[in-house]
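Scroll down for the structure; my scribbles are underneath it.
Protein chains: 2
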Amino acid sequence: MPSDTLLISPLGGVGEVGKNSTLYQYDNHLLLVDAGVKFPEEALHGVDLVIPDFGYVTERPDDLIAILITHGHEDHIGAIPHLLMQLERQEPVPIYGAPLALGFIGVKLKEHGLREAADLRPIGPGERLPLGPFEAEAISVNHSVPDSLAFAIRTPVGLIVHTGDFKFDPTPVDGATTDADTFRRLGDEGVLALLSDCVRIEQPGWTPSERIVSEALGEILAKAPGRVIVTTFASNIGRLREVMRAGYQLGRRAAVVGRSMDENLKVARELGFLDLPTDVMIDLRSAQSLPPNQVVLLATGSQGEPTSVLSRMGAGDYRPLKILPQDTVVFSATAVPGNEETVAQSIDNLFRRGARVIYRALNERVHVSGHASREELKHMIELTRPRYCIPLHGEYRMLVLYRELAAEAGVPPESVFVMEIGDVLAFGPEGAERAGAIPSGSVLVDGLTIGGVTRVVLRDRRRLAADGIIVVSVAVDRETGELLSAPDVVARGFASPHDGEILEEARDRVERALRRVGQGEPEYGFLMDKIKDTLRLFIYEQTRQRPMILPVVTEV
Amino acid sequence: MPSDTLLISPLGGVGEVGKNSTLYQYDNHLLLVDAGVKFPEEALHGVDLVIPDFGYVTERPDDLIAILITHGHEDHIGAIPHLLMQLERQEPVPIYGAPLALGFIGVKLKEHGLREAADLRPIGPGERLPLGPFEAEAISVNHSVPDSLAFAIRTPVGLIVHTGDFKFDPTPVDGATTDADTFRRLGDEGVLALLSDCVRIEQPGWTPSERIVSEALGEILAKAPGRVIVTTFASNIGRLREVMRAGYQLGRRAAVVGRSMDENLKVARELGFLDLPTDVMIDLRSAQSLPPNQVVLLATGSQGEPTSVLSRMGAGDYRPLKILPQDTVVFSATAVPGNEETVAQSIDNLFRRGARVIYRALNERVHVSGHASREELKHMIELTRPRYCIPLHGEYRMLVLYRELAAEAGVPPESVFVMEIGDVLAFGPEGAERAGAIPSGSVLVDGLTIGGVTRVVLRDRRRLAADGIIVVSVAVDRETGELLSAPDVVARGFASPHDGEILEEARDRVERALRRVGQGEPEYGFLMDKIKDTLRLFIYEQTRQRPMILPVVTEV
């Protein structure tokens, strides 16, 4: 790469929602903004998490100056433990972020036994960090988690504005607005490139203020005849606090149920984000002893996660807490794409148990997004007046729509770069141009395995999931190749109306086929193929299914 | 069951969307309305279709007087072949429906080789069918497929109105309106019970007319610089015809790409539902030779189905047709719950290929529902003034919301029955009351197997999908129990960074454990358990995964 050139490459968060991470490089100095995870779609069988391929960084561990964190959402911080595990350095890399984001990261690192190995450095809006050839300035933005930041990154070739996730909320509940003045000032200074959130570009207009959610939840709390159980994203500290505050004013105490919400609120409280009277929060046992109309519960389960408190209450298998008559349950969230069915099921089950459930289709004010809608995204362009734009955080169609939007704000389409993961953009004295790609992609995490879920493993899992497996084992004489016993046929996950019969017939066919092979040391591979060929066709004809056929030949 | 009692039981379509089927019984006379399928959620690994459990009917095959079909959607007709296959009768059961629905059923029966075995009897609005103790009157309703019917079912205990799927469209494109006069007349006559569609009860107000879709698509066809490719549900004949009509007026010829759309349009044309000039429709090859702005293509893929034309065009592997610059693709549909991600992916891919894609988030007029919204559902109650209501076709929450809606229309909550599948409602001289349940549920179809996918099979498939399988085979001496060879360990779908190493270590551990067992005819089951126990813990500790461990012990 030529020197005097700034390279920018998204390692995630373009062409998909989630696992946001952006790499900045100048000479051999690397700077990473965010390191998020994506939760796998169902086709990724058994995969726990999807993280970016950090190979380019982990091959140059000592070139990494710092990691900047915009905010504490999983899709921006979730991959930090995995990145640190892969980063072989003497000294831990400094991770800069606002206190709440670092608090959430700390919990995550602790779970992975990495707390001591990390160098977390809190920063706040207005601070400027010298980072080798870069200088990063933190800027306050409003989002659905408090303490969110954008970064102005000064580089030798020009000023970059990296928005992170944001919206312009004129009446935020946690006091922090998006600092339009600073963005305008940066625009005055001259912005080379704007890297912008674009995930809600399909939504026209402006995203409503979080204030309307506080009001809606306040009305529900005031009217509800019994307990109110509110679920939302466990990181939405501002909203959770507003629920507790409103409940308290109406004579309701709050108890928190569910690990992730409990942990997040603990971190938030320690860091001073819950400025509430000390007797607002009580434990679940105390809440159970109060009259129902003096209680509000904050529970996990806004995405219908099967192990969450609300899903288990819906299924009736959460011992500490049952749905009572006159319970009101509020889903103060929308289903993240992919979770629509589990959320619907959870709502249905809660209705079945007799709860009154209020969700977005019935009252659209119970949730608003933390992301900028179309006009806000345009406003950000107008404030910063960048020469180039790179939309981040969106699926491919959103990136294309952002290019059209930018044109409306005066940035010509050829100055807006729709990137795919790993694409490199080079900023030199002449301007920006595409400069190939670096190794990149998705790495699948399953249990302790980072990357062990390969294409082959996934293909096998899909096959196994669809039609199961038939294992055929035979013992043959090592010397003569003679069959020493009748084949053994065992099936798992294989469906057939006359299961036993078909498997018996299958065994007979394999036995006949192998006897026919005759004597004289037939090759191992030959036997395996013979078994496979014999069964594959027979099973398909009988069932129209294609289970995996796994022959096991033991030579004795 | 007492005589002089009418029993009604939903075999599907309550507490879920899809596989609609309702059983009416008077004495030993059975009448079935619809027999639909549901497409499986991903958790039902490998399952092709979900159909109702028709066991109660198939145990009394000769008691079934007829099957009435409301309309030709899969969730109302898809299970007919499976029902007929299970119904052992001398004479085929008469199936009554409007011509288009029967046309679609005919195609389906042909695929299953059942065309000759079925007794299809076309009926039209206003016709009255004597059916043993019942009399069914067909009533025109408007829905997203032409030729839709509701039924007034006269029984010895009173008049039942079964709406099927409907909306009140004042300006329908296929000429058929919902016959409010007849519903009002039935109300005057006195309706014992209204069985009503309720699937869009979460939507306030009235569903917009199909007319606005025709207008929106017409505008798009007029403005598009190149080809226009429209996808919608393959059964939405009215909309497809309007696209062709509008295109023709603008000088565009229409070609159909994709099997299901092609087949449905063929049936529709034969039955006279496509009153268009004969030169409107051309084949794909002719379309390819025309200038792009003289072409409109109707293609399958509105749900992002991986094998559909549009999905394959997006993926770039549909040979006959590629996306061209200036192509406009219109998704004239919404994603059915569960399909959100595949639809989004398909749209993204089409953008990647350079198409301009128009979908509902960008232009909400490109699709409207065929189902009644809240106020229309109330209007139906007001027209028919039933003594009792049974909401059908909805997930559980929708049934509960319908009870609230009915109260607004003057039907008290205790007269609205929220049913689960198989629940029986008995209508006698005293009124309606719950009367237990009949055998019912979901039957899973996989390949040729109806019902072979059991709970155990599914549990195994889930396990296999999540973490794969490790097969351990050993040969032992039948007499002495002595190990005759080193164990063989094979894994499929199992992920581990040091795959080979772990499996080798696993083999050693099994061997050591079995050698330790010592001589003297150890029991077969004991060996199996020993292998499982040895590996389960080891693998979990090493990988935090729980693959299925399948020991195969061959006695020689």
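Respectively, the protein sequence lines represent chains C and G.
First residue of the first sequence? That's -10 in my numbering, and the numbers climb one at a time after it.
First residue of the second sequence? That's -10 in my numbering, and the numbers climb one at a time after it.
Glycine residues also receive a C-beta, built at the ideal position from the N, C-alpha and C atoms.
The structure presented is a predicted model; accordingly, all values stated were derived computationally and were not measured.
On a CA-only basis, which of the options is nearest residue i? Give me that one, please.
i: LEU473 of chain G; options: G:GLY425, G:ALA464, G:GLY290, G:THR221; result: G:ALA464
i: SER278 of chain G; options: G:TYR307, G:ARG234, G:ARG241; result: G:ARG241
i: SER185 of chain C; options: C:ARG274, C:MET387, C:SER291; result: C:MET387
i: SER133 of chain G; options: G:ASN225, G:LEU53, G:PRO540; result: G:ASN225
i: ILE218 of chain C; options: C:GLY147, C:LEU526, C:PRO314; result: C:PRO314
i: GLY482 of chain G; options: C:LEU492, C:ARG452, C:ASP466; result: C:ARG452
i: SER431 of chain G; options: G:PHE43, G:ASP(-7), G:LEU(-5), G:HIS34; result: G:PHE43
i: TYR13 of chain C; options: C:LEU33, C:LYS27, C:VAL36, C:ASP52; result: C:ASP52
i: THR171 of chain C; options: C:ALA139, C:PRO122, C:LEU437, C:LEU310; result: C:ALA139
i: VAL36 of chain C; options: C:ARG444, C:HIS60, C:GLU77; result: C:ARG444
i: ASP316 of chain G; options: G:GLY215, G:GLU422, G:VAL6, G:GLU384; result: G:GLY215
Who are the neighbours of residue i on chain G, taking C-beta pairs under 7 Å?
i: ALA350 of chain C; result: GLU191
i: GLU204 of chain C; result: Chain G residues near GLU204 of chain C: none, gap ~20 Å exceeds 7 Å.
i: GLU30 of chain C; result: GLU330
i: SER485 of chain C; result: THR438, GLY441
i: THR532 of chain C; result: GLY436, LEU437, THR438
Quick one: does residue i have its CB under 8 Å from some CB of chain C?
i: MET408 of chain G; result: no
i: LEU453 of chain G; result: yes
i: LEU437 of chain G; result: yes
i: ARG337 of chain G; result: According to the sequence shown, residue 337 of chain G is Asp rather than Arg. Chain C contact via Cβ: present.
i: LEU539 of chain G; result: yes
i: GLY411 of chain G; result: no
i: GLY482 of chain G; result: yes
i: ALA87 of chain G; result: no
i: PRO326 of chain G; result: yes
From residue i to residue j, what does the alpha carbon distance come to, in whole angstroms?
i: LEU503 of chain G; j: ALA480 of chain G; result: 20 Å
i: ALA455 of chain G; j: LEU38 of chain C; result: 13 Å
i: ILE128 of chain C; j: GLY2 of chain C; result: 21 Å
i: ASP264 of chain G; j: MET408 of chain C; result: 47 Å
i: ALA90 of chain C; j: PRO418 of chain C; result: 36 Å
i: TYR546 of chain C; j: MET270 of chain C; result: Given that chain C is displayed from residue -10 to residue 545, the structure contains no residue 546 of chain C and the question cannot be resolved.
i: LYS8 of chain C; j: ASP23 of chain C; result: 9 Å
i: GLY441 of chain G; j: PRO29 of chain G; result: 15 Å
i: LYS367 of chain C; j: ALA395 of chain G; result: 46 Å
i: GLU493 of chain G; j: THR532 of chain G; result: 14 Å
i: PHE123 of chain C; j: TYR15 of chain C; result: 8 Å
For residue i, return the contacting residues in chain C, with the cut-off set at a CB-CB distance below 8 Å.
i: GLY457 of chain G; result: GLY35, VAL446, ASP449, ARG450, LEU453
Compare the C-beta of residue i with all C-beta atoms of chain G and state if any pair is closer than 8 Å.
i: VAL460 of chain C; result: yes
i: ASP477 of chain C; result: yes
i: ALA213 of chain C; result: no
i: ALA333 of chain C; result: yes
i: ALA464 of chain C; result: yes
i: VAL346 of chain C; result: yes
Between residue i and the rest of its own chain, which residues show a CB-CB distance below 7 Å, the 5 nearest in sequence each way excluded?
i: GLY176 of chain C; result: LEU372, THR373, ARG374
i: ILE427 of chain G; result: SER(-2), TYR45, GLY411, VAL413
i: HIS360 of chain C; result: ASP154, LYS156, ASP186, VAL188, ARG189, THR196
Residue i versus chain C: which residues are under 7 Å apart at the beta carbon?
i: SER297 of chain G; result: Near SER297 of chain G there are no residues of chain C at all, since even the closest Cβ is about 17 Å away, more than 7 Å.
i: LEU473 of chain G; result: VAL545
i: TYR385 of chain G; result: ASP337, PHE340, ARG341
i: ALA502 of chain G; result: Here the premise fails: no neighbours, minimum Cβ distance about 18 Å.
i: VAL389 of chain G; result: PHE340
Give the residues of chain G in contact with residue i, contact being defined as C-beta atoms less than 9 Å apart.
i: GLU364 of chain C; result: Those within 9 Å of GLU364 of chain C in chain G number zero; the least Cβ separation is about 15 Å.
Can you list, in chain order, the residues of its chain with a C-beta nearer than 6 Å to that of residue i? Leave out the 5 residues immediately preceding and following it.
i: GLU231 of chain C; result: VAL162, SER203
i: VAL96 of chain C; result: GLU252
i: ALA205 of chain G; result: ARG354, VAL355
i: GLY236 of chain G; result: LEU210, ALA243, VAL285
i: VAL318 of chain G; result: ILE218, LEU339, ALA344, VAL346
By the criterion of Cβ-Cβ separation under 9 Å, what are the contact partners of residue i in chain C?
i: PRO428 of chain G; result: The contacting residues do not exist; PRO428 of chain G stays about 18 Å from chain C at best.
Within the 8 Å Cβ cut-off, does residue i reach chain B?
i: PRO41 of chain C; result: The chain inventory of the structure shown lacks chain B, comprising the protein chains C and G.
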